[in-house]
Amino acid sequence: MKLTAEKVAGMDIGGFLGEHYACACGKDHFMDMDNIFIESGAINRVAEVVRNYKSTEPLIIADENTFKVAGEKVAHLLDDAGIKYRTHIFPGKPVLVPDEKTAGSILFAIGEKTDLLLAVGTGVINDITKYVSRRVNIPEVLVATAPSMDGFVSDTAAPTVGNLKSSFPCNLPRTILGDTDILKDAPEVMILAGFGDIIGKYSALTDWQLSRIVNDEYYCELTAQITQDVLDKCVANIDAMTRREPAAIKDVMEGLIRTGIAMSYVNNSRPASGSEHHYSHYLEMQYLFQGKEALLHGTKVGITSIIVAKLYETLANEQPDFDAAIAHAKAFSQTDWERNVRKYYDSAAEGVICAAKTDKRNDIDARIKRIEKIREHWSEIQALAKSAKSTAFIENIFRRAGAPLRPKDVGIPNELINDALYIGREVRTRYSIIHLLEDLGLTEKCAAVIDKFIAE
Ligand SMILES: [Zn+2]
Ligand SMILES: [Zn+2]
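Numbering (the numbering used here), first residue to last: 4 to 459.
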């Protein structure tokens with residue numbers, strides 16, 4: 004079947020699944036999932052779904068909170084249907100970390116007869132279950148408890164391994180049950196985090212276009228449209244979301260899943276993740292190093308998407324000195340770079356240094372070529388920066404939603420935001436505005452702008 008703009012605009016979420024779509028971008032877009040039910044009472048389908056997979060002994064994976072919210076009901080429904088199951092329940096506190104220990108503990112809970120992983124939760128529980136599902140080749144079904152982040156159906160998991168935020172291929176949940184009666188009662192901070200993760204897509208899409216110009220990176224108009232439609236819908240329904248109207252909560256949950264579908268369509272995270280996610284991943288790692296309790300992913304993405312809007316606003320009014328940028332590139336010192344990485348990346352530093360050798364991110368010739376390309380396309384880049392949503396626009400969205408606006412509102416030290424601009428790009432190499440600023444030798448200047456901005 005052919006994918007068209009009209010089809011994308013009018014598609015029911017189930018329409019994206021299990022169908023091959025030929026696209027003008029040259030790719031065949033395919034989402035390998037069976038079902039997504041986001042509706043009132045969706046949880047009541049659980050026994051039927053388990054039977055559909057011919058499962059005779061699913062393993063329910065939850066934490067104390069999600070077990071109370073939905074896991075107990077799942078267990079009762081399975082009892083009523085005469086389906087045997089095992090349970091693996093993590094403590095409710097401290098916040099579960101998506102690391103080796105969490106993954107390992109699920110592995111040990113898998114029994115000889117476990118034939119389905121029934122994850123009950125959101126962020127971390129789903130992310131780690133998706134990964135384990137791939138490693139042990141047992142399908143996952145997800146009962147979602149909060150519309151809190153965008154990774155529900157991403158085919159990469161983002162665990163922290165050796166303290167480094169990593170990325171691993173994983174299975175998708177075969178079916179998702181999102182009961183709007185449960186989702187609408189999720190804690191406000193989680194709904195706002197999901198909403199923040201969606202609003203972060205404005206800068207993700209701009210960064211994708213930026214890299215298309217600078218690096219000739221693959222770009223798919225129709226996939227970008229899937230994300231844009233989600234943004235439009237969620238922004239139009241802010242007030243209904245704050246009133247917890249089920250239809251608006253469904254839009255947030257579906258929006259998070261739709262952006263995941265967009266990622267799967269292009270086999271990378273471009274339609275959903277840009278510099279705001281670089282910031283967020285960097286902050287997450289620093290919190291881990293410092294032993295601080297993690298903030299929700301979407302909370303960080305939301306706040307830093309305002310900062311990225313400020314960066315684009317600044318870039319729109321810049322007239323870079325390209326010759327100075329080339330001289331700056333030539334003066335690059337690998338020794339100084341490694342010293343800096345060791346200073347900021349703690350126990351993850353060697354991983355970053357090793358990754359840089361493989362992906363050749365410090366190649367001086369490649370960087371000079373990029374700068375020439377930026378010079379050649381400067382008017383296009385500036386037009387893109389001007390077309391990016393303004394800081395005032397993004398802030399107003401969050402103000403209406405009742406979400407935090409500044410790092411200090413959620414206890415993130417301003418100093419960390421500053422560090423993230425300098426060194427946060429090393430978490431992931433995906434090209435974004437923070438990489439472009441460094442290429443142009445503008446990092447320091449922009450850091451001063453952001454410093455002043457977040458101190459207001
Ligand atoms: Zn395409
Ligand atoms: Zn995200």
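Just so you know, even glycine gets a beta-carbon here, dropped at the ideal spot from N, CA and C.
All figures in this text were calculated on a predicted structure; none of them were measured in a lab.
Own chain partners of residue i with C-beta closer than 7 Å, once the 5 adjacent residues on each side are dropped
{"i": "proline 410", "result": "Ile306, Asn417, Ile420, Ile457"}
{"i": "glycine 107", "result": "none"}
{"i": "arginine 431", "result": "His281, His284"}
{"i": "alanine 406", "result": "Leu195, Phe198, Gly199, Gly305"}
{"i": "lysine 168", "result": "Ala161, His284, Glu287, Met288, Val430"}
{"i": "glutamate 22", "result": "Met4"}
{"i": "proline 172", "result": "Arg137, Asp158, Thr159"}
Integer Cβ distance of residue i from residue j, believed to fall under 8 Å
{"i": "threonine 117", "j": "isoleucine 141", "result": "6 Å"}
{"i": "tyrosine 347", "j": "aspartate 422", "result": "6 Å"}
{"i": "alanine 112", "j": "arginine 89", "result": "7 Å"}
{"i": "threonine 125", "j": "serine 151", "result": "5 Å"}
{"i": "asparagine 320", "j": "glutamine 337", "result": "Asparagine 320 to glutamine 337, Cβ: 33 Å. No contact."}
{"i": "leucine 99", "j": "isoleucine 128", "result": "7 Å"}
{"i": "arginine 378", "j": "phenylalanine 325", "result": "4 Å"}
{"i": "leucine 439", "j": "cysteine 449", "result": "The Cβ separation is near 10 Å, so there is no contact."}
{"i": "leucine 81", "j": "valine 52", "result": "So it is not a contact: roughly 11 Å between Cβ atoms."}
Residues near residue i in its chain [Cβ-Cβ closer than 8 Å; skip 5 each side]
{"i": "phenylalanine 40", "result": "Arg48, Thr178, Ile179, Leu180, Gly181"}
{"i": "threonine 7", "result": "Leu225"}
DSSP state of residue i mapped onto helix, strand, coil
{"i": "glutamate 143", "result": "strand"}
{"i": "threonine 302", "result": "helix"}
{"i": "leucine 286", "result": "helix"}
{"i": "leucine 186", "result": "helix"}
{"i": "tyrosine 24", "result": "strand"}
{"i": "alanine 65", "result": "strand"}
{"i": "lysine 71", "result": "helix"}
{"i": "aspartate 219", "result": "coil"}
{"i": "glutamate 60", "result": "coil"}
{"i": "valine 430", "result": "coil"}
{"i": "glutamate 418", "result": "helix"}
{"i": "asparagine 365", "result": "coil"}
{"i": "glutamate 115", "result": "coil"}
{"i": "alanine 334", "result": "coil"}
{"i": "valine 123", "result": "strand"}
{"i": "leucine 259", "result": "helix"}
Given residue i as reference, the closest of the options once Cα atoms are compared
{"i": "leucine 424", "options": "Arg402, Ile400, Asp454", "result": "Asp454"}
{"i": "histidine 91", "options": "Pro97, Leu62, Leu175", "result": "Leu62"}
{"i": "glutamate 375", "options": "Val146, Ile260, Ala327, Val430", "result": "Ala327"}
{"i": "glutamine 385", "options": "Gly294, Ile86, Glu191, Gln212", "result": "Gln212"}
{"i": "valine 11", "options": "Gln228, Pro172, Tyr56, Arg373", "result": "Gln228"}
{"i": "threonine 148", "options": "Leu186, Val269, Gly95", "result": "Leu186"}
{"i": "methionine 174", "options": "Asp210, Lys168, Asn270", "result": "This sequence places asparagine at residue 174; methionine is not what is there. Closest option to asparagine 174, Cα to Cα, is Asn270."}
{"i": "methionine 36", "options": "Val98, Pro176, Tyr56, Pro274", "result": "Pro176"}
{"i": "proline 249", "options": "Glu42, Asp31, Ala8, Phe19", "result": "Glu42"}
{"i": "glycine 17", "options": "Ser308, Ile264, Lys303", "result": "Ile264"}
{"i": "threonine 302", "options": "Asn55, Leu80, Ile415, Ile436", "result": "Ile415"}
{"i": "alanine 388", "options": "Ile241, Gly21, Ala312, Met244", "result": "Ala312"}
{"i": "serine 170", "options": "Gly29, Arg433, Ile252", "result": "Arg433"}
{"i": "methionine 193", "options": "Lys96, His300, Glu143", "result": "His300"}
{"i": "tryptophan 381", "options": "Asn399, Val52, Pro323", "result": "Pro323"}
{"i": "leucine 110", "options": "Arg137, Ala359, Lys87, Lys96", "result": "Arg137"}
{"i": "valine 355", "options": "Arg428, His438, Ala27, Met244", "result": "Arg428"}
{"i": "tyrosine 221", "options": "Glu441, Asp83, Ala450, Lys30", "result": "Lys30"}
{"i": "proline 94", "options": "Asn55, Ala395, Asp66, Glu60", "result": "Asp66"}
{"i": "alanine 391", "options": "Arg261, Tyr268, Ile310, Phe33", "result": "Ile310"}
Sequence-distant residues of the same chain with beta carbon closer than 6 Å to residue i, five excluded per side
{"i": "tyrosine 290", "result": "Ala297"}
{"i": "serine 272", "result": "Met266"}
{"i": "glycine 258", "result": "Ile201, Val233, Cys237"}
{"i": "serine 58", "result": "Asp118, Leu119"}
{"i": "phenylalanine 401", "result": "Leu408"}
{"i": "alanine 352", "result": "Val344, Arg345"}
{"i": "leucine 318", "result": "Ala388"}
{"i": "lysine 87", "result": "Glu60"}
{"i": "leucine 20", "result": "Met34, Met36"}
query = Are three or more beta carbon pairs between the region 201 to 215 and the region 279 to 290 nearer than 8 Å?
reply = yes
inquiry  = Taking 8 Å as the cut-off, does the region 162 to 174 touch the region 230 to 243 (at least 3 CB pairs, one atom from each stretch)?
reply    = no
query = Do three or more CB pairs link the region 365 to 383 to the region 151 to 158 at distances below 8 Å?
reply = no
inquiry  = Using 8 Å as the cut-off, can you tell me whether the region 330 to 341 makes contact with the region 123 to 142, which would need three or more C-beta pairs spanning the two stretches below that distance?
reply    = no
ask   = Is the region 67 to 76 touching the region 98 to 106, taking contact as three or more C-beta pairs under 8 Å?
value = no
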